[in-house]
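67 is the number that my numbering gives to position 80 of the sequence shown; each next residue is one higher, with no gaps. For each residue, glycine too, the CB sits at the ideal point set by N, CA and C. Working notes, beginning with the structure itself.
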Amino acid sequence: MEKPFIIAEMSGNHNQSLERALEIVEAAAAAGADAIKLQTYTADTMTLNLRGGDFLINDPKSLWYKENLYSLYEKAHTPWEWHKPIFDYAKSLGIIAFSTPFDKTAADFLESLQTPIYKIAAFENGDLPLLKHIASKKKPVIMSLGMISLEEIRESVNVLKENGCEDITLLKCTSSYPAPPEHANLLTICDLAQKFPQCKIGLSDHTTGIGVAVGAVALGAEAIEKHFTLSRADGGVDSAFSLEPDELKTLVIEAKRAYKARGKINYELSESEKKSLVFRRSIYVCEDIKAGEAFTEQNIRCIRPGYGLHPRYYEATIGKAAAKGLAKGTPLRKEDIK
-12 MEKPFIIAEM
-2 SGNHNQSLER
8 ALEIVEAAAA
18 AGADAIKLQT
28 YTADTMTLNL
38 RGGDFLINDP
48 KSLWYKENLY
58 SLYEKAHTPW
68 EWHKPIFDYA
78 KSLGIIAFST
88 PFDKTAADFL
98 ESLQTPIYKI
108 AAFENGDLPL
118 LKHIASKKKP
128 VIMSLGMISL
138 EEIRESVNVL
148 KENGCEDITL
158 LKCTSSYPAP
168 PEHANLLTIC
178 DLAQKFPQCK
188 IGLSDHTTGI
198 GVAVGAVALG
208 AEAIEKHFTL
218 SRADGGVDSA
228 FSLEPDELKT
238 LVIEAKRAYK
248 ARGKINYELS
258 ESEKKSLVFR
268 RSIYVCEDIK
278 AGEAFTEQNI
288 RCIRPGYGLH
298 PRYYEATIGK
308 AAAKGLAKGT
318 PLRKEDIK
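This is how it looks when you write it as structure tokens:
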């Protein structure tokens, strides 16, 4: 896969319209995303059809305040009969379609569609029986790391590896919606790369805008997942922290630019820099000097361009005599100094 691998997460932004879902796929492809991702579940596989109490979201700061879990999942889920047309349309447009299964039946359904990748959501990254089942498919797995300790990450990675998964990507993730940038803690990406050298590392980003995602690429993220919609003004369960088409296009461009700019550790001149050397400062004669006359702060200076002696020789040259007459504007050479 080309790096960074840019994933457009549709989630529930189709607003229960297959036509809109296909338009989202088309817009993601046009913006240059590498993949479109779905979520595969039903309200019944996620929760119980009960009202109030534990099943009501009562955090006033939540995007889904006062929503009932069952009705929220009914609203947000992607009907399973839509998956094949979405997968087929994505393939026809040259991008990958895959999904997050939230239980074993969803994983088996995705396998019947020959999904090339499985995604494990942050809320399921500790569901070890589900991880074992997904790993047994022997497909690449991308796992979000929200709400999980380092020890739990090790446990989940080991479960995946021990059950047949050889290609694992770990996505640093902050599971709040939207997530404040100051909670992104992107330096964790570097640490994950050191602690899990057998895995690729990326970012599942729930902040608004693209700055955090581009910053993650500069720190080594090989995959970026962002929620995506046609227009935030259209509403939808995840629209508030989703990118629009022009923003996704900019992310694709800037993320690939940031990845290319990472390069390697290097303190030598690049080829593009060498031709700029002439514009560094060097020692020049700034007043006519007669043979035998002393060099002073009035008759030599460190200026641009860089054809004369390096400025490191300036202080040692002051007070010494000129070996010959030198005209104003002459770059000073070693042989010009007695």
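Item, Value
"Proximity to G222 [Cα-Cα], best of K311, G81, K62", "K62"
"Paired residues, beta bridge with T87 - DSSP", "Q26"
"Paired residues, beta bridge with S269 - DSSP", "I290"
"Cβ-Cβ separation, T92 to T32 (assumed contact under 8 Å), whole Å", "7 Å"
"A84 and A22 closer than 8 Å at C-beta", "yes"
"Cβ pair I107, P127 closer than 8 Å", "no"
"Stretch pair the stretch 229 to 236 + the stretch 256 to 267: three plus CB contacts closer than 8 Å", "no"
"DSSP beta-bridge partners of V332", "Look at the range of the chain in this structure, -12 to 325, and you will see that residue 332 is not part of it."
"Pair within 8 Å by beta-carbon distance, L158 and A210", "yes"
"Rounded Cβ spacing between P165 and A203 (contact assumed at less than 8 Å)", "In fact, because the Cβ distance is near 16 Å, the residues do not count as touching under 8 Å."
"Alpha carbon of L50 to alpha carbon of S263, nearest angstrom", "53 Å"
"Of the residues V144, D75, T194, the one placed nearest H170, counting alpha carbons only", "T194"
"Test item: CB-CB of I287 and A310 under 8 Å", "no"
"P318 (DSSP reduced to helix, strand or coil)", "strand"
"Contained beta strand (DSSP E) runs [length at least 3] in the stretch 136 to 220, N- to C-terminal order", "155 to 160, 187 to 192, 210 to 214"
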